[in-house]
Every structure is written in C-alpha cells, then in structure tokens.
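Same order as they appear, the protein sequences are chains A and B. The first sequence begins at 79 in the working numbering and counts up one residue at a time. The second sequence begins at 79 in the working numbering and counts up one residue at a time. A virtual CB, placed ideally from N, CA and C, is assigned to each residue, including glycine. As the structure is a prediction and not an experimental result, all values here were calculated from the model.
2 protein chains.
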Amino acid sequence: MKKHNFNAGPCILPEVALQNTAKAVVDLDGIGLSLLTISHRSKEFQAIMDETVALWKELLNIPEGYHVLFLGGGASLQFCMAPFNLMNKKVAFLETGVWAKKAIKEAKFFGETAVVASSADKNFTYIPKGYKIPTDVDYFHITTNNTIYGTEIHEDIDSPVNLVADMSSDIMSRPIDVSKYAMIYGGAQKNVGPSGVTFIIVRDDILGKVDRPIPTMLDYRTHIDKGSMFNTPPCGSIYTMRETLKWFKSMGGLEKIHEMNKKKAKLIYDEIDRNKMFVGTAVKEDRSLMNICFVMDEKYKEKEAAFLEFATKAGMVGVKGHRSVGGFRASVYNAHPIESAQALVDCMKEFEKQNA
Amino acid sequence: MKKHNFNAGPCILPEVALQNTAKAVVDLDGIGLSLLTISHRSKEFQAIMDETVALWKELLNIPEGYHVLFLGGGASLQFCMAPFNLMNKKVAFLETGVWAKKAIKEAKFFGETAVVASSADKNFTYIPKGYKIPTDVDYFHITTNNTIYGTEIHEDIDSPVNLVADMSSDIMSRPIDVSKYAMIYGGAQKNVGPSGVTFIIVRDDILGKVDRPIPTMLDYRTHIDKGSMFNTPPCGSIYTMRETLKWFKSMGGLEKIHEMNKKKAKLIYDEIDRNKMFVGTAVKEDRSLMNICFVMDEKYKEKEAAFLEFATKAGMVGVKGHRSVGGFRASVYNAHPIESAQALVDCMKEFEKQNA
Chain A
79 MKKHNFNAGP CILPEVALQN TAKAVVDLDG IGLSLLTISH RSKEFQAIMD
129 ETVALWKELL NIPEGYHVLF LGGGASLQFC MAPFNLMNKK VAFLETGVWA
179 KKAIKEAKFF GETAVVASSA DKNFTYIPKG YKIPTDVDYF HITTNNTIYG
229 TEIHEDIDSP VNLVADMSSD IMSRPIDVSK YAMIYGGAQK NVGPSGVTFI
279 IVRDDILGKV DRPIPTMLDY RTHIDKGSMF NTPPCGSIYT MRETLKWFKS
329 MGGLEKIHEM NKKKAKLIYD EIDRNKMFVG TAVKEDRSLM NICFVMDEKY
379 KEKEAAFLEF ATKAGMVGVK GHRSVGGFRA SVYNAHPIES AQALVDCMKE
429 FEKQNA
Chain B
79 MKKHNFNAGP CILPEVALQN TAKAVVDLDG IGLSLLTISH RSKEFQAIMD
129 ETVALWKELL NIPEGYHVLF LGGGASLQFC MAPFNLMNKK VAFLETGVWA
179 KKAIKEAKFF GETAVVASSA DKNFTYIPKG YKIPTDVDYF HITTNNTIYG
229 TEIHEDIDSP VNLVADMSSD IMSRPIDVSK YAMIYGGAQK NVGPSGVTFI
279 IVRDDILGKV DRPIPTMLDY RTHIDKGSMF NTPPCGSIYT MRETLKWFKS
329 MGGLEKIHEM NKKKAKLIYD EIDRNKMFVG TAVKEDRSLM NICFVMDEKY
379 KEKEAAFLEF ATKAGMVGVK GHRSVGGFRA SVYNAHPIES AQALVDCMKE
429 FEKQNA
C-alpha cells in the first residue's frame with residue numbers, strides 16, 4: 079500500500095533526491111567509489127559542496143556579504159552558538175513555542191533575555207503582533223514556523239536591530255528577503271534535506287563583535303574561513319540536500335514551491351473548516367503552510383483514536399499530533415505531493431460519512 | 079577498473095553496509111518509506127538506535143557505568159566539549175600530532191594545559207614513552223592513532239588520573255579495555271561509519287564535577303538523559319554505522335578484525351622495508367595499523383610524482399601523503415580488503431622493477 083508521509087521531521091523528501099542518494103551511496107557518478115567513502119577533500123566532494131552552496135544562494139537570492147554554512151549538531155546547537163557569537167548583553171525574543179523557549183534558555187547562559195511578546199497564554203496557537211522590538215538589544219530572535227503548534231510568520235519582519243531567525247521548519251517554503259535578516263539557521267531535516275546537517279546563513283559584519291573567547295568549533299568565523307570544511311562535514315546529508323535543492327530548482331524555484339505549498343495547505347485547511355468532526359487549533363491568519371494542526375470537535379472527542387486508526391489503515395503516516403497539542407498534525411513540507419494531501423482529505427470525508 | 083580505496087577518512091566501509099544503506103534510503107525494511115524520511119521518534123528508528131548502541135557495547139565489551147552517545151559536530155567539537163564538561167583547572171596531554179595539538183588548543187579556553195610528552199621534535203614520527211602522568215590534573219588526554227603521521231598507541235595505557243582518548247582513527251581496530259578509560263570519543267568516519275556522526279563512550283561518574291554552567295547541547299548529561307535523542311540525531315549516518323558494526327560482528331568481532339588488520343598492515347610494511355625505493359616514516363614499534371606512511375628513498379626523490387601517477391593508473395585512490403609528511407599514505411581501516419593491500423604491494427614491486 080502506498081504510504082502518505084506526513085512526518086513532522088525527518089520527513090518526506092523528493093523521490094528523485096532519495097533515488098539519487100541511493101545510487102551515489104553505491105557508486106558516485108560512476109567513479110567506482112561510494113559517496114560515503116570518498117575524502118571530503120576530494121575534487122568530487124568539493125564540487126558537491128560548492129554546488130550546494132550555489133543552490134542556496136540562487137534559490138534564496140542571497141545577497142553579497144552573507145555566508146552559507148553547513149554544520150553538524152542541529153538547530154539546538156545553534157541555540158547556544160548564536161549567543162556565543164553574537165550576544166554581548168541582551169537579546170530579545172518572540173516566544174512562539176517550545177523551540178523559541180529553548181533558544182531563550184540557552185541565551186540565558188550568556189546574558190539577559192527579554193521576551194517582547196509571547197503567545198504562551200493560548201498554548202502558542204497564534205503569532206503575537208503589535209509588539210515593539212527594543213533597540214537596546216544585540217539581536218531580535220524569532221522562530222518563523224512553529225512545528226508543534228502549526229503557526230507561522232508569513233512575512234519577513236522589519237527589525238530595527240539584527241534579526242536572527244530559526245527557520246528550521248519553513249526554510250525554502252517561500253521566497254524570503256534575506257537582507258532583512260542578520261542570520262538564519264535551522265536543521266535541514268524538514269524542507270531541505272535529511273537529518274545530520276544544519277544550515278546557517280550569516281551576514282559577516284555581525285561577527286567579531288563580542289569579547290568572550292569562542293572555542294574554535296563554536297566560532298562561525300572558523301567555518302566561514304574553511305568553507306564548512308574546517309573538519310569533516312556530514313557529506314552524505316549534504317549530498318541529499320543538494321539533490322533536494324536541485325528538485326526545487328527543477329520545479330521552478332521558491333515562487334512555484336510557495337504556490338504549491340499554499341494549494342496543498344488550503345486543501346486540508348478547507349476540509350478541516352468544512353468537516354463537522356474536526357477543528358483547527360491555530361488562529362486562521364497564522365496557520366502554518368507546513369504543519370497543519372487539528373483536533374476532533376468537542377462532540378466527537380472519543381473518536382480521536384478511531385480516526386488515527388482509520389487514517390493509518392488508509393496509508394497515512396505521522397498524523398498523530400504532538401503531545402503538547404494533541405489531536406492530529408499533517409506536515410506538508412515542500413516535497414509533500416498534493417495527492418497525499420488529497421488522500422488525507424478523502425480520509426477525513428469518509429470518516430465523517432461513517433461517524434458523524 | 080576496480081578502485082582500491084586508501085582514503086584517510088571518510089574512507090572505505092564494508093560493501094554490505096553501503097548496499098544496505100542504499101536499499102534503506104529507498105525503502106527501509108519494506109515499510110514503504112525511506113530511512114531518511116521517517117521520524118527519529120518512530121519505532122523503526124528507535125530500534126536502529128538501540129541496536130547500534132547494543133553493538134557498540136557488545137563489540138567493545140563496554141562495562142556497566144558507561145554510556146554510548148552519538149552526536150553531531152565531529153571529534154573537533156569534542157575538543158571543546160570534553161574540557162567544557164570535565165576540566166576544572168588543568169588537563170595533561172600527550173602531544174602526538176596535529177589532532178592532539180588541536181585538542182590542547184581548545185582546552186586552553188577552559189584552564190591550564192600541560193604537555194607531559196611530545197614527539198614534535200621529530201615531526202611526530204614516534205609515540206613518546208617513559209613519561210610520567212601528573213596526578214594534579216583533571217584528566218590525561220591521548221590521541222591513540224595519528225592519521226597524518228602513521229603512529230599508534232598499541233596498548234591501553236594505565237593512567238593514575240581519568241584517561242580521555244580521541245580514538246577517531248583506530249576505534250574498533252582492536253579489542254580494548256574500556257575500563258581503563260574515563261571517556262573515548264571520535265568521528266565515525268574512519269573505521270565505524272560515514273561522516274556526520276561522532277561517538278562518545280563516557281563513564282558517568284566523571285560528569286557533574288565542574289562548576290561552570292554548560293549550555294544544554296554541550297552537556298553530555300543532556301544526551302545521556304535522552305539516549306542521544308535530545309534533538310534529531312544524524313539518522314542516516316547512524317544507520318550506516320549499525321550496518322558497519324554488524325559486519326564487524328559477522329567477521330568474528332574485534333579479535334578477528336585485529337588479526338586481519340595486523341596481516342594487512344604487515345603486508346605493506348614488509349614491502350616498504352624490502353623495496354629499495356621506499357622508506358617508512360614512523361618508528362617501527364609505533365607504526366599504525368591504520369595509516370601506513372612512507373616516502374621515496376632519498377635516492378629516488380624525483381620519482382614521487384611518477385609513483386603517484388603509476389599507482390593511480392593501477393586503481394589506487396587516496397595514497398597521496400598528507401602535506402605535513404609528504405610522500406604516501408595507505409589507510410587500511412577495518413573494511414579495507416587484503417586484496418587492495420596486495421594490489422598496492424604489487425604496484426610498489428612493479429614500480430621498483432621499472433625504475434630502481
């Protein structure tokens with residue numbers, strides 16, 4: 079039976095990226111060696127690295143003065159690396175969920191934190207608005223998409239101070255104006271690749287402004303100087319990322335990807351809003367295009383387990399909601415095909431027919 | 079033409095591990111989803127993680143009280159994580175090459191370092207002996223195999239203080255007595271897997287003894303508490319590591335692997351010693367079983383480029399020596415087949431016949 083992959087991350091990747099990775103793991107471009115057994119200093123791997131960086135720059139239209147880095151450790155490591163490199167005294171945060179809170183927690187190791195606005199009062203079901211970004215801070219940190227709660231900041235924010243964004247779960251889901259950000263980072267394992275590689279887009283003028291000594295591996299300048307090859311990079315994950323980005327390009331770039339994402343998300347949100355049995359959890363205007371969170375309507379609460387079982391039998395994978403929200407979550411990242419979104423909608427309709 | 083893979087790292091892996099990885103990238107165990115697109119919280123990935131940890135414990139006969147962690151960031155990140163977690167005032171080092179020096183450099187961010195012995199005087203061509211490990215230090219750090227110089231510590235050291243070892247390039251090349259070490263760490267990308275994952279074997283009683291606050295991701299206890307799943311682990315790399323370890327087990331375990339390694343290395347070292355044109359660079363008793371470094375004899379210096387070309391034409395890959403040593407380096411890690419070692423020997427013999 080065909081599986082419909084709604085996993086929140088690691089999650090669906092383009093089929094061609096997976097097929098090409100599998101081939102390269104056996105024999106990279108016919109060189110007689112596996113992608114996983116060649117030196118990162120080889121001309122073959124250097125070409126993979128260079129093309130991956132070039133694709134990032136092209137797809138996101140990254141201006142001069144920014145560097146694209148690929149490191150290990152995940153976005154969670156960036157929660158401490160960012161303040162290590164950028165924070166002198168105080169950092170401001172928009173608190174939109176668990177991941178924002180984790181970033182705040184790590185910044186506290188390095189100085190003072192200010193939460194300028196929070197949606198904790200309503201279990202992070204909305205994106206705070208109308209807040210004022212203080213100007214006495216080293217930077218303002220946002221989490222653009224909140225995987226757990228299904229909320230998303232849909233536009234690039236104007237910030238009077240350096241803007242740092244964790245875009246782990248919506249990077250490359252739409253065109254962005256990179257020039258509005260001082261730094262963007264995230265784990266690759268949602269839209270742009272498999273787990274094991276972290277992307278960092280950093281404007282170089284923000285570095286070297288703190289007094290604390292920074293261990294070599296935690297200093298962004300180390301990795302800029304060495305083109306992400308100060309030490310052995312996660313070669314296999316970078317290869318799959320390149321293949322994923324090539325697919326975005328072949329689909330027409332991020333404008334087209336964004337259109338596809340809007341269409342897919344609308345399909346499911348429309349069904350949630352129409353279907354008597356389900357209710358969306360996020361405020362409509364802040365609904366994420368990546369993670370669609372919904373629960374059973376109060377009247378049908380006892381049917382939750384039954385719907386999960388029904389959906390699983392129909393081939394849906396990963397639709398159980400995060401424990402913080404409950405219910406269901408359909409993650410429909412870039413590579414998620416509209417046929418799978420439709421399959422979920424059909425499933426919801428059929429369940430309603432049988433149960434409502 | 080068959081390639082003989084002598085890369086220093088990333089390097090050769092068991093063919094079966096590559097084939098199984100390629101299959102799993104397309105479809106993991108017939109579940110209809112790729113290894114790279116399933117949640118790290120899925121029962122499928124949890125089983126992979128658990129089996130990998132179990133194989134580490136079994137193959138190295140790891141005693142109670144130790145934890146096995148798989149993180150991102152490489153051994154280079156451990157150069158600062160180890161002192162972050164374990165160093166109060168002073169750490170002692172055995173300086174056996176560039177990697178040891180890098181570990182020393184990072185420890186200096188946290189306190190005082192003492193080099194108890196160094197082989198820098200002879201370009202790290204030997205392992206210092208007869209030194210005294212001080213007892214007023216938090217730990218004594220060694221690099222058991224020096225990839226660049228082809229030297230190796232062949233026995234487990236008795237240390238009066240906690241012994242911390244970077245075993246990036248000889249882990250699992252022989253049975254070791256883990257109980258003699260407080261911590262062992264390394265990048266996987268030599269013997270035990272592809273790049274992108276770092277292994278740490280740590281005895282839990284050494285943790286929690288420093289006063290400094292430790293950012294969450296840099297604290298070993300975080301990863302112990304969450305079984306290396308505090309954040310998304312490098313799933314693909316861990317899978318290939320598991321397949322690599324399964325192969326070690328199928329070959330009869332580390333005693334057998336060690337025998338194979340000795341046999342392979344002897345084949346090449348014997349030829350170096352016999353052949354008029356080549357000279358080994360490391361002191362004989364400290365010769366590495368993993369990285370065999372040799373140069374042209376003084377009389378034939380001008381033939382260096384010619385031999386490289388000759389070897390390359392015969393299918394040898396990665397035999398160029400590191401720039402710090404020059405000449406040649408044959409890395410013959412666990413998965414390296416004796417046929418490839420023999421092919422290099424044949425190549426050396428033939429080159430001598432044509433040129434000496």
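Query, Result
"Can you confirm whether cysteine 371/A, when its beta carbon is compared against all beta carbons of chain B, has any partner nearer than 8 Å?", "no"
"Quick check: is the beta carbon of histidine 232/B nearer than 8 Å to any beta carbon in chain A?", "no"
"Would you say serine 306/A and phenylalanine 148/A are within 8 Å of each other, going by their C-beta atoms?", "yes"
"Spell out a yes or no on whether the stretch 340-357 of chain A and the stretch 152-160 of chain A are touching, meaning 3 or more CB-CB pairs, one atom from each, closer than 8 Å.", "no"
"How would you list, in chain order, the residues of chain B whose beta-carbon sits under 9 Å from the beta-carbon of histidine 118/A?", "Gly87, Pro88, Gln267 and Ser273"
"List, in chain order, every chain A residue whose beta-carbon is nearer than 8 Å to that of glutamine 97/B.", "Val104"
"What residue ranges within the stretch 118-202 of chain A form continuous alpha helix (DSSP H) runs of no fewer than 4 residues, ordered along the chain?", "121-137, 152-164 and 176-185"
"Strictly below 8 Å CB to CB, what residues from chain A border serine 112/B?", "Leu91 and Leu96"
"Going along chain B in order, which residues have a C-beta closer than 8 Å to the C-beta of cysteine 158/A?", "Pro293, Thr294, Met295 and Leu296"
"Should glycine 314/A be labelled buried (16 or more other beta-carbon atoms within 10 Å of its own) or exposed?", "buried"
"Would you say valine 176/A and isoleucine 226/A are within 8 Å of each other, going by their C-beta atoms?", "yes"
"Which class does arginine 252/B belong to by DSSP, given the choice of helix, strand or coil?", "coil"
"Let me know the secondary structure DSSP gives leucine 241/B once reduced to three states.", "strand"
"Once you ignore the five residues that flank methionine 338/B on each side, which residues in its own chain have a CB closer than 8 Å to its CB?", "Met329, Asn412 and Ile416"
"Quick check: what's the CA-CA separation for valine 410/B versus leucine 332/B?", "15 Å"
"Which stretch, first to last residue, makes up the alpha helix (DSSP H) that contains threonine 99/B?", "93-104"
"Can you name, in chain order, every residue of its own chain whose Cβ lies under 8 Å from the Cβ of glycine 393/B, other than the five neighbours on each side?", "Met79, Lys80, Lys81, His82 and Ala421"
"To the nearest angstrom, report how far apart lysine 354/A and methionine 295/B are at their CA atoms.", "44 Å"
"If you draw a straight line from the alpha carbon of valine 103/A to that of glutamine 97/B, how long is it in whole angstroms?", "8 Å"
"Given this structure, state the Cα-to-Cα distance separating phenylalanine 356/A from leucine 386/A, to the nearest angstrom.", "13 Å"
"If you measure between the beta carbons of glycine 143/B and aspartate 255/B, is that distance less than 8 Å?", "no"
"Considering tyrosine 227/A, what are the terminal residues of the alpha helix (DSSP H) in which it resides?", "First-last for tyrosine 227/A: undefined, no H or E at that position."
"Span of the alpha helix (DSSP H) holding asparagine 369/A?", "Here asparagine 369/A belongs to no alpha helix (DSSP H); instead the beta strand (DSSP E) covers 369-374."
"Just the C-alpha distance for glycine 265/A and isoleucine 335/A, rounded to the nearest angstrom, thanks.", "19 Å"
"Under 8 Å by Cβ, that's how I've got glutamate 349/B and valine 423/B pegged, so tell me the actual separation to the nearest angstrom.", "4 Å"
"Do serine 366/B and glutamate 173/B have their CB atoms nearer than 8 Å?", "no"
"Is there a Cβ of chain A sitting closer than 8 Å to that of glycine 108/B, yes or no?", "no"
"Please list the residues of the stretch 297-320 of chain A that have a C-beta atom closer than 8 Å to any C-beta atom in chain B, keeping them in chain order.", "Phe308, Asn309, Thr310, Pro311, Pro312, Cys313, Gly314, Ser315 and Thr318"
"Starting from the beta carbon of alanine 419/A, find every residue of chain B whose beta carbon is closer than 9 Å, and list them in chain order.", "Ordered by position in chain B, no residue passes the 9 Å Cβ test against alanine 419/A, which lies about 16 Å from the chain."
"Would you call the CB atoms of threonine 221/A and aspartate 244/A closer than 8 Å?", "yes"
"Residues in its own chain within less than 6 Å of threonine 310/B by CB, not counting five upstream and five downstream?", "His118"
"Quick one, which residues of the stretch 122-153 of chain A are near chain B if we go by CB-CB under 9 Å, in chain order?", "Phe123, Leu149, Gly150, Gly151, Gly152 and Ala153"
"Distance, Cα to Cα, aspartate 216/B vs lysine 258/B?", "15 Å"
"Counting only beta-carbon atoms, is glutamate 184/B nearer than 8 Å to chain A?", "yes"
"Measure the beta-carbon distance from phenylalanine 171/A to alanine 160/A and round it to whole angstroms, keeping in mind my assumption that it falls under 8 Å.", "Between alanine 160/A and phenylalanine 171/A the Cβ distance is about 11 Å, and since that is not below 8 Å, they are no contact."
"Check asparagine 353/A in the structure and name its three-state DSSP category.", "coil"
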